[in-house]
Amino acid sequence: MELEKKYLLPTSKRLPVTLVRGEGTRVWDTEGKEYLDFVAGIAAVSLGHCHPELVKAVQRQSMELMHTSNYYYTIPQVKLARLLCESSGLDKAFFCNSGAEAVEGCIKLARKWGKEKRDGAYEIIVAENAFHGRTMATITAGATEKYRAPFAPLLEGFVRVPFDDVQAVRRVTTGKTAAVLLEPVQGEGGVNVPSDDYLPQVRAWCDEAKVLLMLDEVQTGVGRTGTLFAYQRFGIEPDVLALAKALGGGFPIGAFLVKEHCSVLGPGEHGTTFGGNALACEAGYTVLKYILDHDIPAQVAQKGEHVERRLRSLADRHPMVTEVRGRGLIWAIELDRPAAEEAVSLCARDGLLVNNVKPTALRLVPPLTVSEEEIDRAVEIIDRALMRIEGATPK
Ligand SMILES: Cc1ncc(COP(=O)(O)O)c(C=O)c1O
């Protein structure tokens, strides 16, 4: 921890815990203390820590070929692109290394598409409370003032509307609009689940107005909400889709997928050195194939119902819990006071890692492979933490 202070930029607020090992939903620190991990690398460790199939695939591929650049064909990249396209309904993939890069690519694609296909349109409609990453374009698309203000001037051409309000999207759509960019469930913004008719109505509006619908499923994609992609629950498809996090199961990878009709990026117009390398794509392929073969999204939907029951009963016992919201295995517990940071520390002390997505909200995003027993244990630990905060004596 001392060395971290000396050698790293102080951009991360960390718990005083040094993690050294993980297995499934559990991680251990340098003192041998065990934690249930309901942060899962911020919704990235989809199959749990060190899943044997992912470990095997990474070991095997790293002995064969790790990285070549995109000057050449590699088999893992094409395998993963095919599986993603076949399972998403989109047509073409571009690989990168993170969620922010994936959304950045979507923004560039929308600009080029607008230039070519919509008379120079370049504006992108984005939502309040949105989070899309930390590059210049993605902080501009995101809503968090603290992430934006120090880096102004930002990019031009982003128009913000309230989330879950299709009329607002309609009102600001003009001849300059190229795309609408949304998270199907806002993750970093506090786990905000829109009404069921929101995405279908935005889809219909985008069709009518002839603008692109771009979904940022960096946090919701690859099983998290109980369908492989969150939009599949509504029987719609986006024109452009950003993915990362769960796709790599802990290995860094990002991707954006596009429909053929808006596949406007040609040779040399976008690129990356590491994106789509053989090792990352083999990891992504292994994770996605496992999730499809084992019907993990259906299991997530079931586990999500269990989480919901447990959290609703938690809310009944604690007046300070004002709301629980979520879907599948992404949930927030909203408190009536800014006590989430204290709750995070108390939970860690009792062996549970959760994070405070807002000063007033805890977020739970365990591995998709979490068991019901682990969910029960996590809720018990949160229960005790809330009792302490409320001043009651925990059992
Ligand atoms: C919806 C969404 N988009 C983009 C990002 C950025 O991803 P990354 O941190 O991998 O750049 C995140 C990260 O939390 C996210 O939740």
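Under our numbering, think of the first position of the sequence shown as 309, with each following residue one higher. Backbone N, C-alpha and C define an ideal beta-carbon position, used for all residues, glycine too.
Beta-carbon gap between residue i and residue j smaller than 8 Å
{"i": "residue 588", "j": "residue 556", "result": "yes"}
{"i": "residue 542", "j": "residue 413", "result": "no"}
{"i": "residue 353", "j": "residue 656", "result": "no"}
{"i": "residue 430", "j": "residue 518", "result": "no"}
{"i": "residue 661", "j": "residue 347", "result": "yes"}
{"i": "residue 507", "j": "residue 539", "result": "yes"}
{"i": "residue 523", "j": "residue 421", "result": "no"}
{"i": "residue 608", "j": "residue 531", "result": "yes"}
{"i": "residue 510", "j": "residue 501", "result": "no"}
{"i": "residue 400", "j": "residue 568", "result": "yes"}
{"i": "residue 672", "j": "residue 355", "result": "no"}
Per-residue burial, residue i [other beta carbons within 10 Å of its own, 16 or more giving buried]
{"i": "residue 678", "result": "buried"}
{"i": "residue 328", "result": "exposed"}
{"i": "residue 396", "result": "buried"}
{"i": "residue 634", "result": "buried"}
{"i": "residue 620", "result": "exposed"}
{"i": "residue 459", "result": "exposed"}
{"i": "residue 574", "result": "exposed"}
{"i": "residue 368", "result": "exposed"}
{"i": "residue 491", "result": "buried"}
{"i": "residue 528", "result": "buried"}
Between the CA atoms of residue j and residue i - distance to the nearest angstrom
{"i": "residue 703", "j": "residue 692", "result": "Its pLDDT being 48, under 50, residue 703 is placed unreliably by the model, and nothing is read from it."}
{"i": "residue 378", "j": "residue 578", "result": "11 Å"}
{"i": "residue 475", "j": "residue 403", "result": "34 Å"}
{"i": "residue 666", "j": "residue 446", "result": "20 Å"}
{"i": "residue 639", "j": "residue 432", "result": "28 Å"}
{"i": "residue 392", "j": "residue 566", "result": "11 Å"}
{"i": "residue 444", "j": "residue 463", "result": "7 Å"}
{"i": "residue 288", "j": "residue 570", "result": "Any property of residue 288 remains undetermined from this structure, which presents the chain solely from 309 to 703."}
{"i": "residue 448", "j": "residue 504", "result": "27 Å"}
{"i": "residue 322", "j": "residue 613", "result": "31 Å"}
{"i": "residue 340", "j": "residue 549", "result": "41 Å"}
{"i": "residue 425", "j": "residue 370", "result": "42 Å"}
{"i": "residue 534", "j": "residue 700", "result": "36 Å"}
{"i": "residue 388", "j": "residue 547", "result": "19 Å"}
{"i": "residue 512", "j": "residue 418", "result": "18 Å"}
{"i": "residue 473", "j": "residue 309", "result": "45 Å"}
{"i": "residue 637", "j": "residue 479", "result": "34 Å"}
{"i": "residue 383", "j": "residue 351", "result": "27 Å"}
Cut-off 6 Å between Cβ atoms - residues of its own chain near residue i, not counting five sequence neighbours on either side
{"i": "residue 372", "result": "none"}
{"i": "residue 441", "result": "407, 408, 411"}
{"i": "residue 317", "result": "none"}
{"i": "residue 552", "result": "406, 407, 410, 526, 562"}
{"i": "residue 385", "result": "584, 589"}
Sequence-distant residues of its chain with Cβ nearer than 8 Å to residue i (five each side left out)
{"i": "residue 451", "result": "434, 435, 436, 437, 438, 439, 468, 497"}
{"i": "residue 658", "result": "689, 692, 693"}
{"i": "residue 628", "result": "643, 644, 645, 647, 694, 697, 698"}
{"i": "residue 632", "result": "616, 619, 620, 622, 623, 639, 640, 641, 642"}
{"i": "residue 654", "result": "692, 693, 696, 697"}
{"i": "residue 682", "result": "333, 344, 674"}
{"i": "residue 669", "result": "498, 499, 640, 641, 642, 643, 648"}
{"i": "residue 651", "result": "643, 662, 664, 670, 690, 693, 694, 697"}
Ligand 3 heavy atom lying under 7 Å from the CB of residue i
{"i": "residue 346", "result": "Judged by which ligands are present, ligand 3 is missing from the structure shown, whose ligands are ligand 1."}
Contacting residues, own chain, Cβ-Cβ under 7 Å from residue i (five flanking each side not counted)
{"i": "residue 375", "result": "582, 585, 586, 587"}
{"i": "residue 313", "result": "none"}
{"i": "residue 361", "result": "594, 598"}
{"i": "residue 591", "result": "362, 365, 366, 556, 557, 559, 561"}
{"i": "residue 331", "result": "357, 358"}
CB contact below 8 Å: residue i versus chain D
{"i": "residue 485", "result": "Although the question refers to chain D, the structure presented lacks it and comprises just one protein chain."}
> Pick out every residue whose C-beta is nearer than 6 Å to a heavy atom of ligand 1: which are they, in chain order?
Replying inline: 350, 406, 407, 408, 411, 439, 440, 441, 491, 495, 496, 524, 526, 527, 552
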